[in-house]
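*Asks:*
There are 4 protein chains.
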Amino acid sequence: MEFKKTSAIYAQIAEYVGDNVLRKNWEADYRLPSIREMAVALEVNPNTVARTYAYLEEQGIIYTQRGIGYFVAKDAYKRVLAWRKKDFLQNDLPAVFKMMSLLNISFSELQILRGNYESK
Amino acid sequence: MEFKKTSAIYAQIAEYVGDNVLRKNWEADYRLPSIREMAVALEVNPNTVARTYAYLEEQGIIYTQRGIGYFVAKDAYKRVLAWRKKDFLQNDLPAVFKMMSLLNISFSELQILRGNYESK
Amino acid sequence: MEFKKTSAIYAQIAEYVGDNVLRKNWEADYRLPSIREMAVALEVNPNTVARTYAYLEEQGIIYTQRGIGYFVAKDAYKRVLAWRKKDFLQNDLPAVFKMMSLLNISFSELQILRGNYESK
Amino acid sequence: MEFKKTSAIYAQIAEYVGDNVLRKNWEADYRLPSIREMAVALEVNPNTVARTYAYLEEQGIIYTQRGIGYFVAKDAYKRVLAWRKKDFLQNDLPAVFKMMSLLNISFSELQILRGNYESK
DNA sequence: GTGGTCTAGACCACC
DNA sequence: GTGGTCTAGACCACA
């Protein structure tokens, strides 16, 4: 049996950035908090944030202007969406359907539950 | 920012046992692997498995016969179902709905995806 | 012949805590001695005290605040009373009545003895 | 805190013999099971039974005829009664009254409970 | 400092 | 062999 391990902190920070892009809090060319600011805010080592930013830059989600800072890329929304959608469809959703099957929860039940959450 | 932690190993083992009950691999009065066997198989300390079994016994999901072993309780299925359903509705489902909202995935889309998974 | 065993240490500590609640030495929201303090005071391993506290928490008799300590629950008195009353009626009392029968002690005699103890 | 320790096995066997005298299963001059028989029956080392018999002989509850066996003494009943009564009055009863006080159980309640047990 | 978890290894009683 | 308990010592997150 393989036990779940806590995902790396840098990856969790990447998700946090992605969330802000998806929610359109941070749109194209928005300047991200500096590595140092972010590190303080999240109570994390600056190197960890640097790693996150480097990773996001590789993915084409943010870009850097040396000496100025990091900015949200033009097509960041599109890319984040693709990235997260892939994750969701490949990992989360199958797990949910599997669980629904085990728990004998029908799809119509799900629709009702969905209504409950939205009304909150 | 609060980082996600994995649940404790003993709790993950409890889920594993629960899964086997839900899948009806292990039915009422089925004898669980002994604490020591399980510990070797999962490569954890026997105390950790003992903790899992003690926890499940409290929940009325398994029972013990001293010197013999642990067995699946009569109404284990019912209890596991209630336990996992509560978890699913309180934790997993809200996360899924939130993600669907972020990713702009509609409910009808979900239904189609569901069909794809089932046909596999 | 089945020889009498003493109850586990962690259970005896639980009784000790219960006594303090029943005597109203420790009332609602009273902070229990920390696991380590208690372990030193009772000369047992911290794990043993931790086990006691975990057990009492499950029973709803105490609650925990991470990083702070354990506290007596609001309805601890009620719960301890129920717990101990059940024990008393099921175990202690039958033994006493059996012994009275063996010793030919009548109920009225008991009442007199009771008076003697109270006057002390 | 002093934890309860299991009382010595030889003492528990002595209680067992005493019970049989009190119940008048074993009356004056009744021949006790031999040390070996008793040891086998109780799954105990013969030395332990020997210790019990020696102890009971000291107390004048049994007597021995070398090469024949152990027998219940003439005034065994009287002596056992005195011995157990002392124990009961000094140890058990005060504990019970203390517990009744903690649990708010009145004497009249006790009388009712007594009726319940007797009818079983 | 606090509790929460895990490992390692031991001893006991029961079967 | 089984489970049940206890000790010793470690690391983590929270405050």
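Residue numbers (this note's numbering), protein chains in the order written: chain A, 2 to 121; chain B, 2 to 121; chain C, 2 to 121; chain D, 2 to 121.
Note that beta-carbon positions come from the ideal geometry of N, C-alpha and C, so glycine has one too.
#1: Please name the residues in the stretch 5-38 of chain C whose beta-carbon is closer than 8 Å to at least one beta-carbon of chain D, in chain order.
#2: Select from the stretch 62-95 of chain B all residues with a C-beta closer than 8 Å to any C-beta belonging to chain A, and list them in chain order.
#3: Between E28/B and R24/A, what straight-line distance do the alpha-carbon atoms span, to the nearest angstrom?
#4: Nearest to L90/B by CA position, among A55/A, D20/A, M100/A, is which residue?
#5: Below 8 Å on the Cβ atoms is my guess for G19/C versus V73/C; work out the distance and round it to an integer in Å.
#6: Would you say I113/B lies against chain A (beta-carbon separation less than 9 Å)?
#7: Determine the burial state of F108/D: buried for a count of at least 16 other Cβ atoms within 10 Å of its Cβ, exposed for fewer.
#8: Using a Cβ-Cβ distance under 9 Å, would E44/D count as near chain C?
#9: Against chain C, does Y56/D count as a neighbour if the rule is that its beta carbon must be under 9 Å from one of theirs?
#10: Do the CB positions of K86/B and L104/A come within less than 9 Å of each other?
#11: Hey, could you find the ends of the beta strand (DSSP E) T49/C is sitting in?
#12: R1/B to N46/B, Cα distance in whole Å?
#13: What does a CB cutoff of less than 8 Å around D30/D pick up in its chain, not counting 5 residues either side in sequence?
#14: Under 7 Å Cβ-Cβ, which residues of chain C neighbour V97/D?
#15: Hey, is N48/A's beta-carbon within less than 9 Å of any beta-carbon in chain B?
#16: Just to confirm the assignment, what range does the alpha helix (DSSP H) spanning F98/B have?
#17: If you reduce the DSSP assignment to three classes, tell me which class I69/C lands in.
#18: Return helix, strand or coil for I10/A, following the three-state DSSP convention.
#19: If you draw a straight line from the alpha carbon of E17/D to that of E38/D, how long is it in whole angstroms?
#20: Apply the 10 Å Cβ neighbour rule to A12/C and answer buried if 16 or more other Cβ atoms are within range, or exposed otherwise.
#21: Since W84/C is in the alpha helix (DSSP H), which residue starts that stretch and which ends it?
#22: Starting from L33/D and walking both ways along the alpha helix (DSSP H), at which residues does that stretch end?
#23: Is the Cβ-Cβ distance between I14/C and M2/D less than 9 Å?
#24: So, are the CB atoms of I10/A and T49/A less than 9 Å apart?
#25: Can you check DSSP and say which residues form a bridge with I63/B?
#26: Three-state secondary structure (DSSP) at F108/C?
#27: DSSP on E16/C, reduced to helix/strand/coil?
#28: What do you get for A77/A, buried or exposed, if any count of 16 or more other CB atoms within 10 angstroms of its CB means buried?
#29: Does DSSP put R24/D in a helix, a strand or coil?
#30: Going by the CB atoms, is the gap between Y118/D and Y111/C shorter than 9 Å?
*Replies:* Inspection of the coordinates gives the following:
#1: With the criterion set as a beta carbon lying under 8 Å from some beta carbon of chain D, the members of the stretch 5-38 of chain C are K5, K6, T7, S8, I10, Q13, I14, Y17, D20, L23, R24, in sequence order.
#2: So the list reads L82, R85, K86, F89, L90, D93, L94, P95, given in the order they occur along the chain.
#3: Your numbering for residue 28/B matches position 27 in the second sequence. Your numbering for residue 24/A matches position 23 in the first sequence. When rounded, the separation of the alpha-carbon atoms in E28/B and R24/A is 46 Å.
#4: Here residue 90/B is taken as the residue at index 89 of the second sequence, counted from 1. Taking each of A55/A, D20/A, M100/A in turn and checking the Cα distance to L90/B, the smallest one comes out for M100/A.
#5: Locating residue 19/C in the third sequence gives position 18, where the first residue counts as 1. Locating residue 73/C in the third sequence gives position 72, where the first residue counts as 1. The pair is not a contact, with the Cβ atoms about 11 Å apart (cut-off 8 Å).
#6: Position 112 of the second sequence, counting from 1, holds the residue named residue 113/B. Not one beta carbon of chain A lies nearer than 9 Å to the beta carbon of I113/B.
#7: What you label residue 108/D is simply residue 107 of the fourth sequence in a count that begins at 1. By the neighbour-count rule (16 or more Cβ atoms within 10 Å), F108/D is not buried but exposed.
#8: Within the fourth sequence, residue 44/D is the residue found at index 43, counting from 1. So yes, E44/D belongs to the interface.
#9: As a working note, residue 56/D is residue 55 in the fourth sequence. Y56/D does not count as touching chain C.
#10: By one-based count along the second sequence, residue 86/B stands at place 85. By one-based count along the first sequence, residue 104/A stands at place 103. Contact flag set, yes.
#11: Taking the first residue of the third sequence as 1, we reach residue 49/C at position 48. From DSSP, T49/C is part of no beta strand (DSSP E) but of the alpha helix (DSSP H) over 47-59.
#12: As shown, chain B starts at 2 and ends at 121. That puts residue 1/B outside it, with no answer to give.
#13: Stepping through the fourth sequence from its first residue, residue 30/D is reached at position 29. Residues F72, V73, K75 of the same chain have their beta carbon placed closer than 8 Å to that of D30/D, with the five preceding and five following residues left out of the count.
#14: Taking the first residue of the fourth sequence as 1, we reach residue 97/D at position 96. Under the 7 Å cutoff, chain C gives D93, V97.
#15: Here residue 48/A refers to the residue found at position 47 of the first sequence. Judged by the 9 Å Cβ criterion, N48/A is not in contact with chain B.
#16: On the second sequence, position 97 is the one that residue 98/B refers to. Its alpha helix (DSSP H) spans residues 94-104.
#17: Position 68 of the third sequence, counting from 1, holds the residue named residue 69/C. Looking at I69/C - three-state DSSP - the assignment turns out to be coil, as it is neither helix nor strand.
#18: Walking along the first sequence from the start, residue 10/A turns up at place 9. In this structure, I10/A counts as helix in the three-state DSSP scheme.
#19: For the purposes of this step, residue 17/D is taken as the residue at position 16 of the fourth sequence. For the purposes of this step, residue 38/D is taken as the residue at position 37 of the fourth sequence. Reading the sequence as shown, one finds Tyr at residue 17/D and not Glu. Near 15 Å, if we compare the C-alpha coordinates of E38/D and Y17/D.
#20: Sequence index remark: in the third sequence, residue 12/C carries index 11 (1-based). Taking all protein chains shown into account, A12/C has fewer than 16 neighbouring C-beta atoms within 10 Å of its C-beta and is therefore exposed.
#21: Start at 1 with the first residue of the third sequence, and residue 84/C comes out as number 83. Start and end: 77-88.
#22: By one-based count along the fourth sequence, residue 33/D stands at place 32. Segment: none, L33/D is in no alpha helix (DSSP H) and carries neither H nor E.
#23: To locate residue 14/C, count along the third sequence from 1; it is residue 13. To locate residue 2/D, count along the fourth sequence from 1; it is residue 1. With contacts defined by Cβ atoms closer than 9 Å, I14/C and M2/D form a contacting pair.
#24: Working through the first sequence from its first residue, we reach residue 10/A at position 9. Working through the first sequence from its first residue, we reach residue 49/A at position 48. Yes, the Cβ-Cβ distance between I10/A and T49/A is below 9 Å.
#25: Position 62 of the second sequence, counted from the first residue, corresponds to residue 63/B. Note: I63/B sits in a beta bridge opposite V73/B.
#26: Taking the third sequence and counting its residues from 1, the one referred to as residue 108/C is at position 107. Helix at F108/C.
#27: Your numbering for residue 16/C matches position 15 in the third sequence. Three-state DSSP puts E16/C in a helix.
#28: Here residue 77/A refers to the residue found at position 76 when the first sequence is read from its first residue. Around the beta carbon of A77/A, 16 or more other beta carbons lie within 10 angstroms, which makes this residue buried.
#29: For the purposes of this step, residue 24/D is identified with residue 23 of the fourth sequence, where counting begins at 1. If DSSP states are grouped into helix, strand and coil, R24/D belongs with coil.
#30: Along the third sequence, read from residue 1 onward, the residue named residue 111/C stands at position 110. Along the fourth sequence, read from residue 1 onward, the residue named residue 118/D stands at position 117. Note that residue 111/C is Leu in the sequence shown, not Tyr. The Cβ atoms of L111/C and Y118/D do not sit closer than 9 Å to each other.
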